[in-house]
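The numbering of the sequence shown is my numbering, which starts it at 1451 and goes up by one.
One structure is given here, and the rest of the page talks about it.
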Amino acid sequence: MYKYEMHCHTQEGSRCGHLGGAEMVDFYKSMGYTGLVISDHFFNGNTTVPKDLPWEERVNLFFNGYETAKARGDEVGLDVFFAWENSYAGNDFLTYGLDREWLLKHPYCDALPVKQFLRLVRESGGYSVHAHPYRESGYIEMIRLLPREVDAVETINACRTDFENEMADIYATKYNLAKICGTDNHVGKRERLAALELEFRAKSLDDIILAIKEGKHKISLYNLD
């Protein structure tokens, strides 16, 4: 099986990141993964990108974490794909399948109401995943579910409690939404790692998305010694 990390942050792109993109690649390579998706916090989340810059400059800076990871991945043989984590009032949505060109053509999409943003992503051919939908924290006003606007649910998040993950799984099952997993890794080695597993090596993130749509993937959670 080919193992992929679907939810990962870098120090270059996320203020809460504690490991650079290159170091994150080295870690996942050492753990036997085939690839990882860099999904740094977008401009409406805990980003490193200053808010007072022109849109194009902000977008280019936003790619630093991904590009650093991609360069290292090319050196060591680990596939690295681009995504981002869009935020709204403490709710996070992994945005897959869109690129730099799309962001440049949609200035200030970070300010869109959440439903409008998710619909725009879908209309543009992207794929939205509700990350850790049952996460509870002091800064989160309420749990918000948008089952008609997302394509999948992160039913395994290695950083969240088993209860929260179980609730996410029930949610996805009841609404017939695809299920994926992610570590939500900010630091490298953790007590647990999630892996989306395929029987083939994906050439692109679109290949992974298609496998998810067709149910040709497996989601796993590994405990590290």
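The beta carbon of each residue, even a glycine, is placed where N, CA and C say it ideally should be.
It should be emphasised that the depicted structure is a prediction, and the values quoted were computed from it without experimental measurement.
For a test of the three-state rule: what should DSSP assign to LYS1653, helix, strand or coil? Reduced to three states, the DSSP call for LYS1653 is coil.
What's the gap between the Cα of GLY1467 and the Cα of GLU1507? C-alpha separation (whole angstroms): 21 Å.
The alpha helix (DSSP H) enclosing ASN1635, as first and last residue numbers: Unbroken run through ASN1635: none, as it is neither H nor E.
Can you say whether PRO1557 is buried or exposed, counting buried as having 16 or more other CB atoms within 10 angstroms of its CB? With fewer than 16 other Cβ atoms from the protein chains shown falling within 10 Å of its own Cβ, PRO1557 counts as exposed.
DSSP on GLY1578, reduced to helix/strand/coil? This sequence places Ser at residue 1578; Gly is not what is there. In the three-state scheme derived from DSSP, where H, G and I count as helix and E and B as strand, SER1578 is classed as strand.
Nearest to GLU1647 by CA position, among GLY1665, ASN1536, ASP1476 and ASN1635, is which residue? When only C-alpha atoms are compared, the closest one is GLY1665.
Under 9 Å, do MET1644 and MET1456 count as touching if we go by C-beta distance? Here residue 1644 turns out to be Ala, not Met, going by the sequence shown. In contact: ALA1644 and MET1456 (Cβ atoms closer than 9 Å).
Assuming the contact rule is C-beta atoms closer than 8 Å, SER1655 and ALA1533 should be a hit. Round their C-beta distance to whole Å, please. Here residue 1655 turns out to be Leu, not Ser, going by the sequence shown. That pair is a contact at about 7 Å.
Please classify ARG1598: is it buried, with 16 or more other beta-carbons within 10 angstroms of its beta-carbon, or exposed? That one is exposed.
May I have a chain-ordered list of the alpha helix (DSSP H) segments no shorter than 4 residues that lie completely inside the segment 1507-1595? Within the segment 1507-1595, the runs of alpha helix (DSSP H) at least 4 residues long that lie entirely inside it are, in chain order, 1514-1526, 1550-1555 and 1564-1573.
Should HIS1556 be flagged as near chain B, meaning a C-beta pair shorter than 9 Å? Of the protein chains in this structure there is only one, and it is not chain B.
Just confirm the distance between the C-beta atoms of GLY1540 and GLU1462, as a whole number of angstroms; I'd bet it's less than 8 Å. Contact flag wrong, Cβ pair sits at about 23 Å.
If you measure between the beta carbons of VAL1487 and TYR1546, is that distance less than 9 Å? With respect to the 9 Å criterion, VAL1487 and TYR1546 are classified as neighbours on the basis of their beta carbons.
Out of LYS1501, SER1464, ASP1502 and SER1537, state which residue places its alpha-carbon closest to the alpha-carbon of TYR1589. Considering only alpha carbons, the answer is SER1537.
Taking the alpha helix (DSSP H) that ASN1615 falls in, what are its first and last residues? 1612-1624 is the extent of the alpha helix (DSSP H) around ASN1615.
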